[in-house]
Each structure stands twice: as structure tokens, then as C-alpha cells.
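Colleague: Taken in order, these protein sequences are the chains called A and B. Heads up: the first sequence begins at 1 in this note's numbering, then just goes up one per residue. Heads up: the second sequence begins at 206 in this note's numbering, then just goes up one per residue. By construction, the Cβ of each residue, glycine as well, lies at the ideal position given by its N, Cα and C atoms.
There are 2 protein chains.
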Amino acid sequence: MSEIASSSPHSRGPVDHSVREQIVEAAGEHFSQYGYEKTTVSDLAKAIGFSKAYIYKFFDSKQAIGEAICSKTLTSIVEAVEVAVAGAPTPTEKFRRMFKTLVSTGVGLFFNDRKLYDIAAHSAGEGWPSARTYAQRIREILTEVVRQGREAGEFERKTPLDETVHAVFLVMQPYINPLLLQYNLDHVEDAPVQLSNLVLRSLAP
Amino acid sequence: MSEIASSSPHSRGPVDHSVREQIVEAAGEHFSQYGYEKTTVSDLAKAIGFSKAYIYKFFDSKQAIGEAICSKTLTSIVEAVEVAVAGAPTPTEKFRRMFKTLVSTGVGLFFNDRKLYDIAAHSAGEGWPSARTYAQRIREILTEVVRQGREAGEFERKTPLDETVHAVFLVMQPYINPLLLQYNLDHVEDAPVQLSNLVLRSLAP
DNA sequence: GGTGTGACTATATTCTAAATTAGTCACTTG
DNA sequence: CAAGTGACTAATTTAGAATATAGTCACACC
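Put into C-alpha cells, the structure is as follows:
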């Protein structure tokens with residue numbers, strides 16, 4: 001929920017305004033159904049009963065609208081991960097579920113909402129703020145899990161925290177990043193378990 | 206060097222024939238200079254002074270010629286890796302150099318021979334035999350390194366060998382696979398070292 | 001049987017003119 | 001001053017005709 005977490009292509013005009021919400025809602029439906037490229041800004045305008053020009057009172061560009069939608073999509077993945085992590089008893093288990101949830105929600109998006117997935121992949125490919133924020137959030141959650149594991153004595157403490165987190169993040173990257181995930185669908189069945197095992201072995205004290 | 210390692214789209218006609226070699230040589234130059242798509246089969250025919258039809262006495266298709274070139278490219282990477290591994294004193298060091306060499310030769314190809322890189326990436330994307338064979342070879346070398354490490358007592362022996370190798374292979378995948386490597390250029394500087402550290406920690410007895 | 005080709009077709013690619021689209025701006029209305 | 005738009009332009013996309021290409025085949029020469 002909440003707001004667009006990014007800063008730069010944020011938008012224009014009043015941040016809370018019923019029309020802005022209408023635009024985002026219409027965009028969510030259209031992008032999901034017809035895809036980002038195939039929906040025109042005029043389509044969105046027509047859908048909410050205003051002129052195209054009015055849309056630009058609220059968003060800098062079509063991409064900014066795409067960002068808003070992408071942000072929502074990626075935020076929902078982060079939320080699923082947060083729930084999974086919160087529900088796990090130990091840091092070890094938190095890590096396992098984190099990885100598993102990340103992959104399964106990503107894959108679910110790919111197969112059930114391909115059009116939205118494509119926007120997310122595009123976003124990741126272009127380095128849009130929404131994608132950066134997403135990666136940042138995942139990294140923070142991971143850092144917290146590793147930190148807790150160290151405190152609990154489940155994980156080793158010699159390697160600098162940042163270094164460990166960075167390396168584990170690199171391992172997960174092909175399944176975190178929507179742009180990459182689509183090329184790794186073959187491994188989606190076993191990768192979370194196999195790689196979790198490997199990472200946890202490397203985290204062992 | 207040697208032969209095309211694949212089986213299916215192998216070719217036609219005599220396997221050792223000066224004209225076949227001429228075709229491969231011309232293809233190597235043309236593909237490298239103008240790219241796979243921009244070179245026509247007629248171009249190759251003209252380059253070696255024969256008719257286009259004659260080329261098809263030696264190769265099933267243009268793709269088969271692409272395969273031959275791709276095979277050579279990927280084989281040269283494998284050879285570089287083999288040399289690096291052979292030159293390392295310990296299995297631990299073998300692994301480090303293997304990963305490092307894999308990335309540096311891949312990146313080198315990307316920046317110095319982009320056109321050939323693109324063929325390799327395409328090959329990996331389409332699952333051409335040349336790419337499969339390449340992945341297979343890398344996996345074999347990795348298996349041997351891990352096996353030696355276990356024998357030498359440097360690596361743990363509890364986890365099944367295949368499982369360990371598979372997981373490590375997955376970790377390296379984004380840097381092994383030319384299709385994926387191009388999306389991971391940002392991490393190319395630190396990934397080999399960071400991931401080698403992580404993997405070696407996980408391999409520790 | 002081995003070496004080699006011109007002429008052919010179906011498919012893919014390129015080119016270009018016409019149509020859409022993103023984005024702006026001066027303007028109206030209440 | 002906030003809400004809202006029609007008309008405009010530059011850039012992009014589309015459509016579909018013209019061109020080029022992959023691949024085949026029947027045949028010629030030695």
C-alpha cells in the first residue's frame with residue numbers, strides 16, 4: 001500500500017487527489033490487461049472520463065505512471081516476503097522462506113499477470129527507481145535476517161556483515177530481479193532449496 | 206580446436222574437407238565483423254569463390270554454420286578455464302581461478318568481439334547444442350575440482366557430490382551463461398571474488 | 001560417385017508513407 | 001486560483017508493398 005517510494009519521477013500536482021488515484025487504478029487495469037506499450041495515455045483518460053491533458057497535471061510522463069504501477073507490483077512482492085519472514089521461527093528458516101517466497105511470487109507474477117511482470121522486468125532493465133527501491137528493500141530484509149542469525153549464534157560472525165549480505169544477495173539476484181528471473185525459469189523448482197542449502201552451509205559458524 | 210562437439214545439427218557431406226574449413230574460416234571472419242544476421246550465406250559463398258548451393262553440401266543450414274563458430278568460441282573459453290585450473294596448486298585455488306577466468310574471458314569476449322558474443326548469447330538462449338555442450342564441459346571441470354578438493358580434505362564430504370556441484374553451478378550460472386552475463390556486468394568486478402568466498406565457505410569441511 | 005551450379009520458391013527483412021501517440025500550451029470556465 | 005480541455009507538434013509506430021534471403025532441386029561436368 002502506502003505511497004510511491006521513489007523520489008525523482010515522482011509526479012506533479014497534489015499528491016493525494018481522487019483523480020490521481022483514479023488514474024493509477026485505470027492504469028493498473030489497462031496495463032495488466034493490454035500491457036504497458038499497448039495502452040495509450042488517451043485510453044487512461046477516456047477510462048476515467050477526463051482529457052489526456054489533465055493526466056499530465058498529475059504525472060510527468062507515461063513512464064511515471066508505469067513507475068507507480070510497477071512500484072505497487074514490487075511492493076506486493078516485498079510484502080509477501082515480509083510476511084513469510086515474520087512467520088518463520090529461526091533466522092535459518094527465515095532465510096529459506098524468504099528465498100522461496102521471492103521465487104514463488106515472482107514466478108506467480110510471471111505466469112498469472114504476465115503484462116505486469118513485463119513492466120517489472122523492463123523497470124529492472126532500465127534501472128527505474130521502483131526497481132532500485134525494491135532491490136534495496138530486499139537487501140535490507142536480508143541484512144536483518146543475517147544480523148539476527150548472527151545474534152542467535154546460528155550464523156558465523158567472522159566475515160563482515162556487508163560482505164556476507166552482498167554475496168548472498170548476488171546468489172539470489174537471478175531470482176530476485178524480474179529481468180533475470182525469466183531466463184532462470186528452468187531452475188525455479190530446485191534453485192531456492194539448493195541455493196538455500198549452499199548459502200546456509202556457508203553461513204554456518 | 207578439434208571438432209564440433211555437438212551431434213544433431215552436425216552437418217552434411219564429408220567431415221574433413223578443405224571446403225568445409227574454408228566455409229568455417231570465412232564464417233568466422235564475417236560473423237565476427239558484421240554479425241550473424243548481417244552476413245548472408247551468399248556472402249560466405251562469394252568469399253570462398255563458390256556458389257551458395259555448394260555451401261549446403263556441407264551444412265544443413267545457416268544456423269549449423271553459426272553453431273560451428275559458436276562452438277569454437279565457447280571451446281576457447283573452456284580451454285582458458287582448463288589452463289587456469291591446471292595451473293592452480295590447490296583445489297581451492299583451482300576453483301577461484303576457474304570462476305575468475307570464466308568471467309574475465311566472457312567479459313573480454315563481450316567487449317572485444319561483441320558480434321561473436323552475441324552469437325554465443327543467442328546460442329545459450331535457444332539451447333543450441335554448442336551451448337549445452339559448453340555448460341556440460343564447465344560442469345565436468347567443476348565436478349573434478351570439487352572431487353579433488355574432497356579427496357585432498359579441503360572440502361566437506363557430507364553433501365552428495367552431485368548436489369554440491371549443482372548448487373555451485375547455479376551460483377556461477379549468471380556469469381557462465383553468455384545470455385545472462387550481459388545483464389550482470391555491474392557485478393563482474395566483485396562477483397567472482399565475493400561468490401568464490403561464499404562458495405568456499407560453504408565447501409569448508 | 002564427387003564436384004559444382006543457375007534457377008526457383010517461400011519466407012523474412014527492409015523501406016517508406018500514413019497514421020498514432022506522448023507531451024505541451026494557450027486558453028476557458030466556475 | 002483550481003479544474004479542465006482542444007488543438008498542435010515532434011517523434012514514434014504501423015501497414016504493406018518491394019526487396020532480399022534461406023534453402024531446394026534438377027541437372028551438368030569430370
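1. Who are the Cβ neighbours of A/R20 in its own chain at under 6 Å, not counting the five residues just before and after it?
2. For the structure I just gave you, are there three or more beta carbon pairs, one from the segment 34-46 of chain A and one from the segment 89-97 of chain A, closer than 8 Å?
3. Flag A/V171 as yes if its beta-carbon sits less than 7 Å from any beta-carbon of chain B, otherwise no.
4. Determine the DSSP secondary structure at B/D323, reduced to helix, strand or coil.
5. Using only the alpha-carbon positions, how far apart do B/I381 and B/Y259 sit?
6. Taking Cβ to Cβ, would you say B/P410 is nearer than 7 Å to B/K305?
7. Let me check understanding here. Comparing Cα to Cα, which of B/D265, B/L307, B/R302, B/L321 lies closest to B/E234?
8. With distances taken between CB atoms, is the gap from A/V78 to A/R132 smaller than 7 Å?
9. Have a look at A/Y183, A/L179, A/T164, A/V165 and flag the residue whose alpha-carbon is nearest the alpha-carbon of B/Q378.
10. Would you mind stating whether A/S42 and A/K52 have Cβ atoms separated by less than 7 Å?
11. Measure the C-alpha to C-alpha separation of B/S211 and B/G330 and round it to an integer number of angstroms.
12. As a quick exercise: from B/E349, B/L366, B/L384, pick the residue whose alpha carbon is nearest that of B/Q290.
13. Here's a check: name, in chain order, each residue in its chain whose Cβ is nearer than 8 Å to the Cβ of A/I23, leaving out the five neighbours to either side.
14. For B/Q399, which residues in chain A fall below 9 Å Cβ to Cβ?
15. Can you list the residues of chain A that B/R406 reaches, using a CB-CB cut of under 7 Å?
16. Against A/N197, what residues of chain B qualify as contacts under a CB-to-CB distance less than 7 Å, listed in chain order?
17. Can you list the residues of chain B that A/A191 reaches, using a CB-CB cut of under 7 Å?
18. Could you tell me which uninterrupted alpha helix (DSSP H) segments, each at least 4 residues in length, are contained entirely in the segment 312-365 of chain B, listed from first to last along the chain?
19. To the nearest angstrom, report how far apart B/E272 and B/E368 are at their CA atoms.
20. Is B/P379 close to chain A? Criterion is C-beta to C-beta, closer than 7 Å.
21. In chain B, which residues lie less than 7 Å from A/Y183 when you measure between Cβ atoms?
22. Between the alpha carbons of B/I209 and B/S281, how many angstroms are there, rounded?
23. By the criterion of Cβ-Cβ separation under 8 Å, what are the contact partners of A/H187 in chain B?
24. Which stretch, first to last residue, makes up the alpha helix (DSSP H) that contains B/F236?
25. Starting from B/E287, trace the alpha helix (DSSP H) in both directions and tell me its first and last residue.
Modeller: In brief:
1. F58
2. no
3. yes
4. helix
5. 36 Å
6. no
7. B/L321
8. no
9. A/Y183
10. yes
11. Any answer about B/S211 is weak, because its pLDDT of 38 lies below 50 and its placement is not dependable; what the coordinates show is given next. Approximately 17 Å, taken between the alpha carbons.
12. Here residue 290 of chain B turns out to be Val, not Gln, going by the sequence shown. Cα-wise, what sits closest to B/V290 is B/E349.
13. L44, I48, I55, F58, F59, I65
14. E163, H166, A167, L170
15. S202
16. A372
17. L375
18. 319-331, 334-356
19. 31 Å
20. yes
21. L384, L385
22. The pLDDT assigned to B/I209 is 33, lower than 50, so where the model puts this residue is not dependable, and the model offers no usable value.
23. L375, Q378
24. 223-239
25. 267-291
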